[in-house]
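Visitor:
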Amino acid sequence: MAALDAMSVGIIVPALPHLVEQLAGSDGADPAVWLALLAAAWGAAQFLSAPIMGVLADRFGRRPVLLAALAGLACDALFMALAPSLGWLLVGRLISGALAASIIACSAYIIDVSAGDELARRLGLLGAAWSAGFIAGPALGGALADLHLRLPFLVCGASAAVAWLYARFRLKESLPIERRSTGLVWRRAVPFGGLTALLRRRALRTHGLVLALAALADQALPTFFVLYVLERYGWSASAAGLALMGLGAARVLAQAVAVAPLTRRYGEPATLVFGLLCLMLALVVFAVAPTGLVFGLALPIYAAGAVAAPALMAILAGRVEREQQGRLQGASVAVQGAASAVGPLLFGAAYALNSQNGVPHRGAGAMLLGAALLAVAATIAHAAARVPPRMPRARSEP
1256 MAALDAMSVG IIVPALPHLV EQLAGSDGAD PAVWLALLAA AWGAAQFLSA PIMGVLADRF
1316 GRRPVLLAAL AGLACDALFM ALAPSLGWLL VGRLISGALA ASIIACSAYI IDVSAGDELA
1376 RRLGLLGAAW SAGFIAGPAL GGALADLHLR LPFLVCGASA AVAWLYARFR LKESLPIERR
1436 STGLVWRRAV PFGGLTALLR RRALRTHGLV LALAALADQA LPTFFVLYVL ERYGWSASAA
1496 GLALMGLGAA RVLAQAVAVA PLTRRYGEPA TLVFGLLCLM LALVVFAVAP TGLVFGLALP
1556 IYAAGAVAAP ALMAILAGRV EREQQGRLQG ASVAVQGAAS AVGPLLFGAA YALNSQNGVP
1616 HRGAGAMLLG AALLAVAATI AHAAARVPPR MPRARSEP
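Adding 1255 to a residue's 1-based position in the sequence shown gives its number in my numbering.
1) So, helix, strand or coil for Ile1267, using DSSP?
2) Note down the Cα distance separating Gly1618 from Arg1318, rounded to an integer number of angstroms.
3) Can you give me the Cβ contacts of Ile1359 inside the same chain, cut-off strictly under 7 angstroms, excluding the 5 residues immediately before and after it?
4) Using alpha carbons as the reference points, say which of Ala1633, Leu1344, Ala1332 lies closest to Gly1463.
5) Using the three-state DSSP reduction, which class does Asp1473 fall into: helix, strand or coil?
6) Tell me the DSSP secondary structure of Asp1313 in three-state form.
7) For Ile1570, collect the residues of the same chain with a Cβ closer than 7 angstroms to its Cβ; drop the 5 residues on either side in sequence, then sort them by chain order.
8) On the DSSP letters alone, give me the boundaries of the alpha helix (DSSP H) that Ile1556 sits inside.
9) I'd like to know whether the C-beta atoms of Gly1382 and Gln1510 end up nearer to each other than 7 angstroms.
10) Roughly how many angstroms lie between the CA atoms of Val1235 and Ala1561, to the nearest whole one?
11) Just verifying my parser: in three-state terms, what is the DSSP assignment at His1403?
12) Got a sec, what are the start and stop residues for the alpha helix (DSSP H) Gly1522 sits in?
13) Compare the C-alpha of Lys1427 against each of Gln1579, Leu1378, Leu1322, Ala1394 and name the closest.
14) Within its chain, find whatever has a CB closer than 6 angstroms to the CB of Ser1369; leave out the 5 residues flanking it on each side and keep chain order.
15) Could you tell me which of Leu1534, Asp1473, Gly1551, Arg1519 sits nearest to Met1500, measuring between CA atoms?
16) Pick helix, strand or coil for Asp1372, following the three-state DSSP scheme.
17) Identify the continuous alpha helix (DSSP H) that holds Pro1431 and give its terminal residues.
18) Out of Gly1489, Ala1475, Glu1276, state which residue places its alpha-carbon closest to the alpha-carbon of Ser1340.
19) Can you say whether Ala1363 is buried or exposed, counting buried as having 16 or more other CB atoms within 10 angstroms of its CB?
20) Considering Ala1509, what are the terminal residues of the alpha helix (DSSP H) in which it resides?
21) How many Å lie between Ala1639 and Arg1460 at the Cα?
22) If you compare alpha carbons, which of Ala1324, Ile1366, Arg1506, Ala1398 is closest to Ser1386?
23) Gly1620 by DSSP, collapsed to three states: which one?
24) Buried or exposed: where does Leu1274 fall if 16 or more other Cβ atoms within 10 Å of its Cβ makes it buried?
25) Would you decide whether Val1514 is buried or exposed? Buried here means 16 or more other CB atoms lie within 10 Å of its CB.
26) Rank Ile1635, Phe1480, Gln1474 by C-alpha distance to the C-alpha of Leu1600 and give the top, closest one.
27) Tell me which residues share the same chain as Ala1558 and place their Cβ nearer than 8 angstroms to its Cβ, disregarding the 5 neighbours each side in the sequence.
28) Look at the alpha carbon of Leu1485 and the alpha carbon of Ala1300, and state the distance between them as a whole number of angstroms.
29) Could you check if Ile1366 is buried or exposed, using at least 16 other CB atoms within 10 Å of its CB as the buried criterion?
30) Sort Pro1565, Ala1332, Ala1596 by Cα distance to Ile1350 and report the nearest one.
31) List in chain order: all unbroken beta strand (DSSP E) runs of 3+ residues lying wholly within the stretch 1558-1589.
32) How long is the line joining the alpha carbons of Leu1430 and Gly1547, rounded to whole angstroms?
33) Which residues bound the alpha helix (DSSP H) around Leu1352?
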């Protein structure tokens, strides 16, 4: 179901820029400005709503939140399929970002039904399923867009509706009533208030900072990948697309196959540090690679870094009681939403600064900035490995 949901989101990726360009032409607007605005609006809406969804998941269960998220995606897709103007598209993106809670519910669900060494493995499989959906979605969306520009949005809505039906009639609730939160404390649902409440514990503070730095650094490559390889190495658009598809497939393999043996043998903290160092090393190579071949050889190293995410989430989950897992996932998604809004602006500034200062290869500074953030994250994660082991999930909230 996670793969189906991710595929639903990915289907619209190839079509959205063309739809924006079409509507901008009739409105006399700049398509690039509107694409950036739509992306920022989605990230901001997710940042604001994710903590609320997390609190609701702890109070009413994971299943209702997942159903709401899937229904929101289906409605958003239909909204955009029929959008007559850019304003409508903006409203649709706000709806989608506000209800982008499926990853919160799915992650909390996995944590509820997992124990011990199984947690990191299952979180890795969940990440692999999402990655697989995001690989298949754009490929299918591109083919559908060739038939009709609005068809991907309709298929996205239908796919989300199928996932909703499956969750409605086949998925059982994972959080028993006796383990749910007893009330709604809305100060925890405010983005910064929820983060503050969760980060009171030292273990969550340190790993929360690692999450924020890693999420921000994760924006460096996706933001400028295509432009970077086109300008520096002369790759064609199709070659860049194939490289991205291969990178996605390698990340799926890393999360599905490598997470379990690594965490079982070396532990989650060591796996986290290893993944962060792989990402850092790859970004450094991307920045200095003299040829496209050297750049391409570093892609598997970057893919290996995908093991960091499930290891980090397993560490965080192990330090939070079961009845607070929704809040934890909501706060985590809020951090990633903020990173998705801020990251492109930060790395865009680094990219532009390279150009103004006459640096031979535009984008190298953005890659090195991402590597620096990951180096700090890896250092903090290594120091945090000395924190005492996991706290019992059954302990009541202070």
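The beta-carbon is built from N, C-alpha and C at its ideal position, and this holds for glycine as well. Bear in mind the structure is a predicted one, so any value in this text is a computation, not a measurement.
Guide: So, from the listed chains and residues:
1) Note: Ile1267 maps to coil in three-state DSSP.
2) The straight-line gap separating the alpha-carbon atoms of Gly1618 and Arg1318 is approximately 43 angstroms.
3) The beta carbon of Ile1359 sits closer than 7 angstroms to the beta carbons of Ala1305, Met1308, Gly1309, Ala1312, Val1320, Gly1581, Gln1584, Gly1585, Val1588 from its chain, once the five residues preceding and following it are set aside; these are given in chain order.
4) Measuring from the Cα of Gly1463, the nearest candidate turns out to be Ala1633.
5) Coil, per DSSP.
6) DSSP, reduced to helix, strand and coil, places Asp1313 within a helical segment of the structure shown.
7) Cβ-Cβ distances below 7 angstroms link Ile1570 to His1462, Glu1523, Pro1524, Leu1527 in the same chain, with the five nearest sequence neighbours on each side left out; the list follows chain order.
8) Start and end: 1554-1559.
9) Gln1510 sits close to Gly1382, with the two beta carbons spaced by under 7 angstroms.
10) The question about residue 1235 has no answer, for the chain in this structure spans 1256 to 1653.
11) In this structure, His1403 counts as coil in the three-state DSSP scheme.
12) Where Gly1522 is concerned, there is no enclosing alpha helix (DSSP H), given that its DSSP letter is neither H nor E.
13) Checked all of Gln1579, Leu1378, Leu1322, Ala1394; the closest Cα to Lys1427 is Leu1322.
14) The residues are Arg1377.
15) Minimum Cα-Cα distance from Met1500 among the listed residues Leu1534, Asp1473, Gly1551, Arg1519 corresponds to Gly1551.
16) If DSSP states are grouped into helix, strand and coil, Asp1372 belongs with coil.
17) Careful: Pro1431 lies outside any alpha helix (DSSP H) and carries neither H nor E.
18) For the residues Gly1489, Ala1475, Glu1276, the minimum Cα distance to Ser1340 belongs to Glu1276.
19) By the Cβ neighbour-count rule, Ala1363 is buried, with 16 or more other Cβ atoms within 10 Å of its own.
20) No alpha helix (DSSP H) contains Ala1509, which DSSP labels as neither H nor E.
21) A straight line joining the alpha-carbon of Ala1639 with that of Arg1460 spans about 10 angstroms.
22) Closest option to Ser1386, Cα to Cα, is Arg1506.
23) In this structure, Gly1620 counts as helix in the three-state DSSP scheme.
24) Counting Cβ neighbours within 10 Å, Leu1274 comes out buried, since at least 16 surround it.
25) So Val1514 ends up on the buried side.
26) Considering only alpha carbons, the answer is Gln1474.
27) Cβ neighbours of Ala1558 beyond the five flanking positions: Leu1502, Ala1505, Arg1506, Leu1508, Ala1509.
28) Cα atoms of Leu1485 and Ala1300: separation of roughly 32 angstroms, rounded to the nearest angstrom.
29) Within 10 angstroms of the beta-carbon of Ile1366 lie 16 or more other beta-carbons, which makes it buried.
30) Residue nearest to Ile1350 within the set Pro1565, Ala1332, Ala1596 is Ala1332 (criterion: CA-CA distance).
31) Those beta strand (DSSP E) runs which fall completely within the stretch 1558-1589 and span 3+ residues do not exist here.
32) Between the alpha carbons of Leu1430 and Gly1547 lies a distance of about 49 angstroms.
33) The residue asked about is misnamed: residue 1352 is Gly in this sequence, not Leu. Membership of Gly1352 in the alpha helix (DSSP H) is indicated by the continuous run 1341-1353.
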